[in-house]
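*Asks:*
Residue numbers (UniProt numbering): 1 to 433.
Set out below in structure tokens:
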């Protein structure tokens, strides 16, 4: 008997890196027209491979498009961006579709096409994506609308589940950039969950299958991002789609994209999602998922929801809102947002001071040793590193939680020629507004 060998994760990573989708911006800037254009192009280039169908409309009338490929007896349903500001997997799904188109004649993809029928809804909340906000245009969290079904987007997803009766669903999200893996202080770049179908978090064959798929994904990604995979909290959420789909007969796999330790996180996270999805689909197509050990899923460390920072300034002199100066760590949390401008929308990273004190238990993308330095807010007028400044007044030294992370680190200047109380600007920290 011929035993299937999964595509090595690094080979999948290289395949993804070789895909360039002309005209597609970074994930935070992808909107429904760009998704529709990609799906239309796929249908034009491979009409016998892809079937595109409008399955509903958003609150503001934007089309919800479902693309299907494969002719196998086992049906899967994948959806992304039910939260409009969680865009990574929308782009990853477009990469997956292009990969299938390019490599359809190769044995692994041909087996996938003959074994599975894959239904993908790349953008479930186009109104939220347009605003880059979590909720839809009604102000409702679609992922808390599985029972009330007051959103047209939620009704569309429920109707798809009922019509297709998929054996498995993939619910694709982004999580907070402050999420760490357990207590390792590593960023939780990818987190997985096989959601429960009841409050007791029992197992049934469907949830066991979801755990096995998570084990397959963990095995594929762990060598690429060692120590940066977490397990999402599996408390039962009565209103959520993943939990209720399990009750309705379709177990789900949740993939959450989180913080990535580089200045440009979008494309690496797209690539990790691509590797995760292709590895999972291959294992389902060739049956190797049945050999996966669900105990591996249980061994994935749990997320630590507030354990990671974007910037950690260690051991600085700080002035709080009252009292004398003290030695403390300063933690900056970051958030990706979309700003409008004369040249169109752009994705930027904003930062705020969110932690102050002894922060030794936190991890961070960047850690600054600030022993002997004073950290103060950056003045509005131009200041650059290397400038010599007089001592700032007390009110200009005050550091407050929640303030924008526009800071400077000052070192006292000593020696001949230095004015009394002169400070040198050692570091300027500035995030987008």
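Every residue, glycine too, gets a C-beta built ideally from N, C-alpha and C. Model, not experiment: these values are computed from the prediction.
Comparing alpha-carbon positions, which option in 189, 21, 73, 159 lies nearest residue 273?
*Replies:* The option with the nearest alpha carbon to residue 273 is 189.
*Asks:* For a test of the three-state rule: what should DSSP assign to residue 197, helix, strand or coil?
*Replies:* DSSP places residue 197 in coil when its eight states are reduced to three.
*Asks:* Tell me which same chain residues have a C-beta within less than 6 angstroms of the C-beta of residue 45, skipping the five on either side of it?
*Replies:* Nothing meets the Cβ criterion.
*Asks:* My output table needs one value for residue 246: the three-state DSSP class, helix, strand or coil.
*Replies:* Correct three-state label for residue 246: helix.
*Asks:* Have a look at 358, 365, 345, 360 and flag the residue whose alpha-carbon is nearest the alpha-carbon of residue 351.
*Replies:* Checked all of 358, 365, 345, 360; the closest Cα to residue 351 is 365.
*Asks:* Under 8 angstroms between the Cβ atoms of residue 124 and residue 157?
*Replies:* In contact: residue 124 and residue 157 (Cβ atoms closer than 8 angstroms).
*Asks:* According to DSSP, is residue 171 helix, strand or coil?
*Replies:* It is a strand residue.
*Asks:* Helix, strand or coil for residue 137 per DSSP?
*Replies:* Coil, per DSSP.
*Asks:* Give me the Cβ distance between residue 187 and residue 308, rounded to the nearest whole Å; I'm assuming they're in contact under 8 angstroms.
*Replies:* Contact flag correct, Cβ pair sits at about 5 angstroms.
*Asks:* Are residue 208 and residue 283 closer than 8 angstroms when you measure CB to CB?
*Replies:* In this structure, residue 283 does not lie closer than 8 angstroms to residue 208 by Cβ.
*Asks:* Mark residue 238 as exposed unless 16 or more other C-beta atoms lie within 10 angstroms of its C-beta, in which case mark it buried.
*Replies:* The residue is exposed, with fewer than 16 neighbouring Cβ atoms inside 10 Å.
*Asks:* Looking at C-alpha atoms only, which residue of 229, 223, 383, 60 is the closest neighbour of residue 299?
*Replies:* If we check each option's Cα against that of residue 299, 229 comes out closest.
*Asks:* Using the Cα positions of residue 432 and residue 111, report the straight-line distance between them to the nearest angstrom.
*Replies:* If I take the Cα positions, the gap works out to 47 angstroms.
*Asks:* Does the structure place the segment 355-363 close enough to the segment 328-342 that three or more beta carbon pairs sit under 8 angstroms?
*Replies:* They touch, by the three-pair rule.
*Asks:* Here's the rule I'm using: 16 or more other beta-carbon atoms within 10 Å means buried, otherwise exposed. How should residue 173 be labelled?
*Replies:* Buried, by the Cβ-count rule.
*Asks:* Distance, Cα to Cα, residue 25 vs residue 81?
*Replies:* Roughly 16 angstroms between the two C-alpha positions.
*Asks:* Going by DSSP, what residue range makes up the beta strand (DSSP E) through residue 329?
*Replies:* Element bounds for residue 329: 326-339.
*Asks:* Within the continuous beta strand (DSSP E) that includes residue 399, where are the two ends?
*Replies:* Residue 399 -> no beta strand (DSSP E), and no H or E assigned at all.
*Asks:* Based on the DSSP output, what are the partners of residue 256 in its beta bridges?
*Replies:* Paired residues: 173, 191.
*Asks:* Report the partner residues of residue 181 according to the DSSP bridge assignment.
*Replies:* For residue 181, which the question treats as bridged, DSSP gives the partners 303.
*Asks:* Measure the Cβ-Cβ separation of residue 407 and residue 383 and say whether it is below 8 angstroms.
*Replies:* No, they are not a contact pair.
*Asks:* Determine, using beta carbons only, whether residue 427 and residue 368 come nearer to each other than 8 angstroms.
*Replies:* Result yes, Cβ atoms of residue 427 and residue 368 sit closer than 8 angstroms.
*Asks:* Based on Cα-Cα distance, which residue from 275, 66, 43 lies nearest to residue 220?
*Replies:* If we check each option's Cα against that of residue 220, 275 comes out closest.
*Asks:* Per DSSP, what kind of secondary structure is residue 369 in: helix, strand or coil?
*Replies:* Residue state, collapsed to three classes: strand.
*Asks:* Who are the Cβ neighbours of residue 74 in its own chain at under 6 angstroms, not counting the five residues just before and after it?
*Replies:* Closer than 6 angstroms at Cβ, skipping near neighbours: 116, 167.
*Asks:* I believe residue 266 touches residue 27 by the beta-carbon criterion, under 8 angstroms. Please report the beta-carbon distance rounded to the nearest angstrom.
*Replies:* 5 angstroms between Cβ atoms; contact.
*Asks:* What's the gap between the Cα of residue 86 and the Cα of residue 258?
*Replies:* Those two C-alpha atoms are separated by around 10 angstroms.
*Asks:* Determine the closest residue to residue 311 out of 177, 47, 325, 251, with distance taken between C-alpha atoms.
*Replies:* Residue 177 is the option with its Cα nearest to residue 311.
*Asks:* Run through DSSP, which three-state label would residue 263 get?
*Replies:* DSSP places residue 263 in coil when its eight states are reduced to three.
*Asks:* For the candidate residues 57, 39, 138, whose alpha-carbon lies nearest to that of residue 440?
*Replies:* Only positions 1 to 433 of the chain appear in the structure, and residue 440 is not among them; the question remains open.
*Asks:* How big is the Cα-Cα spacing for residue 389 and residue 324?
*Replies:* So the two alpha carbons sit approximately 21 angstroms from each other.
*Asks:* I'd like the list of long-range same chain contacts for residue 60, defined as Cβ closer than 7 angstroms, with 5 residues on each side in sequence excluded.
*Replies:* Contacts found: 127, 137.
*Asks:* Please tell me whether residue 347 and residue 361 are closer than 8 angstroms, where the distance is taken between their beta carbons.
*Replies:* Against a cut-off of 8 angstroms, the Cβ pair of residue 361 and residue 347 comes out as no contact.
*Asks:* Have a look at the DSSP bridge pairing and note the partners of residue 118.
*Replies:* For residue 118, which the question treats as bridged, DSSP gives the partners 69, 76.
*Asks:* Tell me whether residue 281 is buried or exposed, calling it buried when 16 or more other Cβ atoms sit within 10 Å of its Cβ.
*Replies:* By the 10 Å Cβ count, residue 281 comes out buried.
*Asks:* Which residue's Cα is closest to the Cα of residue 131: 198, 30, 254, 410?
*Replies:* The shortest C-alpha separation from residue 131 is found at 30.
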